[in-house]
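Below is one structure, written out as structure tokens; the observations come after it.
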Amino acid sequence: MSERAYDRDRLRQFLSGEAAGEGLSRRRVLRMLSAAAGLAAAGAGIGAGTAAAAGRPGIVKPLPAELFTVRDTNAETNWAALRGTGYHTPVDRFFVRNHTATPVLDPARWRLTVWGGGLRGRAAEFSYDDLRSLPAVTSSACLECAGNGRSYYASQQGDRVTGTPWTLGAVGAARWRGARLSDVLRAAGLSRRAVDVMPRGLDPVYTAGGTDYGHVRRPMPVAKALDDVLLAYEMNGRPLLPDHGCPARLVVPSWVGIASVKWVGDIEVSDRPLFSPWNTVFYRLFGSSYPPGGSAPLTRQPVRSAFEAAPGEAFAAGRGHRLTGRSWSGGGGIRRVEVSTDDGASWREARLHDAPRPGGWVRWSTHWHPQEPGPARLMARATDTAGTTQPSRSVPNDQGFFFDAVVRHPVRVV
Ligand code: MTE
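Note that full-length UniProt numbering has the sequence shown beginning at 1, numbered continuously upward.
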């Protein structure tokens, strides 16, 4: 089944009350939806978690201010800190998106349970060594939060949206190494009846606005699970850090970051469609431009671009500067990037430094010779291999996902 048909199908099933999985009835989902809408109205957003409430981000690795901007339980990469780094984002500056707090788990005691009606027999258990003894594959892929760029709905378009006000730093690219999820599922006894696969994290349960949403979990179709998904235990050649999912996490290339569940403790393999708050209440598009029940669950990331520069960075007038940045898309590789330094009056092609590759990004550069001192705005507009170009305006949605418009990056000419 195509991804699009799958999405349509699940949405119809959900709306007609066929939602199954952990007793998540349609009535309960509707209650959660209205709780989430209440949160939105109160301006609490979907990023507010327990650790943040206590004034701590709940992240283990150091978060120096030159590398990160801390937002509640999350840490956003500062784009200026990527200048001069290679293709892969160094782990010391890779963004962290936590619904609650990083759990510190001992790989030696960790167990992964694979269970459910989509298996031929009983549940199967894997230790860390079992996982590492399966054939290892290495894959370079971007990981990005669906809410990346959310703050620009308000600052560029005047839209009211809820959630963590990321700029563009909720994205990174890493070299992931691990077992294929397909090998794990087959070793567990995957049956032909299986339709959905739902990994669940071992981090604390997520509560917001008095509603307990349970552990982070999100289903995906078995076809995607068997395609290019990894159960990764290494990132850029080192074991995963606690913040990025140690001992093991999913890496679901091209899809919304929420699909890449960290600290996986169990995976349900179901012979019926599965639903969780993360594909019903969150990570769908709601609002006046969408159907009353919301869009289908979000899967592929949109096209985006960012400059490797700080907001408000100073550039000397009358001199040449090399501007650098990166563009990426869940819909394919990036085949073209245009840059404007005169508020969109004229555009020139940036030089691409990487070949277009699905699931990856391209680094690019261009030359700028500003003349007059004063405020200026840098704009970059990418086109992917599917032919999608970043628009000048994003269609808003209540939870502020998928901001794909060209960002106007403010700088100063001095
Ligand atoms: N998995 C668990 N268990 N808990 C989480 O809070 N956050 C998700 C995903 N997996 C999350 C999770 C989201 S929204 C994103 S964008 C990515 O992890 C972020 O991965 P990172 O923190 O390694 O950058």
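Yeah, the Cβ is synthetic: ideal placement off N, Cα and C, and Gly gets one too.
Using the Cβ count rule (16 or more neighbours within 10 Å means buried), how would you classify residue i?
i       : result
Gln-399 : buried
Arg-120 : exposed
Pro-247 : buried
Gly-330 : buried
Glu-338 : buried
Arg-93  : buried
Arg-31  : exposed
Val-205 : exposed
Gly-320 : exposed
Gly-23  : Since pLDDT at Gly-23 reaches only 49, below the 50 mark, its modelled position is unreliable, and the value read off the structure follows with that caveat. Gly-23 comes out exposed.
Gly-172 : buried
Ile-267 : buried
Arg-150 : buried
Thr-138 : exposed
Glu-144 : buried
Gly-294 : buried
Any idea which residues DSSP pairs residue i with across the strands?
i       : result
His-409 : Leu-378
Ile-334 : Asp-384
Ala-188 : DSSP, once it has assigned bridges, lists no residue as partnering Ala-188.
Met-220 : Val-197
Met-235 : Trp-176 and Arg-238
Leu-63  : In DSSP, Leu-63 forms no bridge with anything.
Ile-258 : Note: Ile-258 sits in no beta bridge, so no partner.
Ser-276 : Answer is none; Ser-276 lacks a bridge partner.
Trp-368 : His-321
Ala-208 : Thr-211
Glu-125 : Thr-113
Phe-307 : Gly-325
Asp-227 : Paired residues: none, contrary to the question.
Using only alpha-carbon positions, find the residue among the options that is nearest to residue i.
i           : options                               : result
Thr-100     : Met-379, Ser-140 and Lys-262          : Lys-262
Met-379     : Arg-348, Gly-387 and Ala-386          : Arg-348
Asp-271     : Val-197, Pro-410 and Gly-84           : Val-197
His-409     : Gly-287, Ser-394, Lys-61 and Asp-342  : Asp-342
Gly-245     : Val-407, Ala-81 and Arg-97            : Arg-97
residue 415 : Ser-394, Thr-73, Leu-134 and Val-411  : The first residue shown for the chain is 1 and the last is 414, placing residue 415 beyond what the model contains.
Ser-182     : Thr-89, Ala-75, Val-269 and Val-413   : Val-269
Ala-223     : Leu-190, Leu-240 and Glu-234          : Leu-190
Gly-374     : Val-407, Leu-112, Ala-259 and Val-414 : Val-414
Ala-188     : Leu-112, Glu-372 and Ala-65           : Leu-112
Glu-313     : Arg-412, Thr-138, Tyr-213 and Pro-302 : Arg-412
Trp-328     : Gly-387, Leu-250 and Phe-68           : Gly-387
Asn-78      : Leu-67, Phe-403 and His-88            : Leu-67
Leu-226     : Arg-186, Asp-203, Gln-301 and Val-264 : Arg-186
Asp-130     : Arg-83, Arg-160, Arg-180 and Gly-210  : Arg-180
Pro-358     : Asp-203, Phe-315, Pro-253 and Leu-241 : Pro-253
Asp-228     : Thr-102, Thr-211 and Ser-260          : Ser-260
residue 421 : Thr-385, Trp-110, Gly-265 and Ser-288 : Since the first and last residues shown for the chain are 1 and 414, residue 421 lies out of range.
Quick one: Cα of residue i to Cα of residue j, how far?
i           : j       : result
Leu-230     : Arg-71  : 28 Å
Ala-154     : Arg-132 : 45 Å
Ala-136     : Val-216 : 26 Å
Ile-59      : Ser-346 : 43 Å
Tyr-128     : Arg-238 : 15 Å
Arg-336     : Gly-117 : 46 Å
Thr-85      : Thr-324 : 11 Å
Ser-392     : Arg-200 : 37 Å
Val-104     : Asp-243 : 8 Å
Glu-125     : Val-184 : 10 Å
Gly-178     : Pro-221 : 20 Å
Trp-115     : Val-195 : 13 Å
Pro-292     : Phe-286 : 8 Å
Val-407     : Arg-192 : 45 Å
Trp-368     : Thr-162 : 36 Å
Trp-166     : Tyr-152 : 8 Å
Leu-202     : Glu-372 : 54 Å
residue 452 : Thr-389 : The structure shown does not extend to residue 452, since the chain is modelled only from 1 through 414, so no value can be given for it.
Thr-69      : Leu-168 : 11 Å
Asp-106     : Leu-134 : 20 Å
Thr-207     : Ala-174 : 30 Å
Thr-164     : Gly-265 : 26 Å
Just to confirm, are residue i and residue j a CB contact at a threshold of 8 Å?
i           : j       : result
Ala-317     : Pro-370 : yes
Pro-356     : Gly-333 : yes
Pro-219     : Leu-274 : yes
Ala-376     : Trp-364 : no
Trp-361     : Arg-326 : yes
Phe-401     : Ala-146 : yes
residue 416 : Trp-176 : The chain is shown from 1 up to 414; residue 416 falls before or after that span and cannot be answered.
Ala-405     : Gln-156 : yes
Leu-63      : Ala-75  : yes
Asn-236     : His-353 : no
Tyr-283     : Val-256 : yes
Phe-95      : Ala-141 : no
Leu-250     : Val-91  : no
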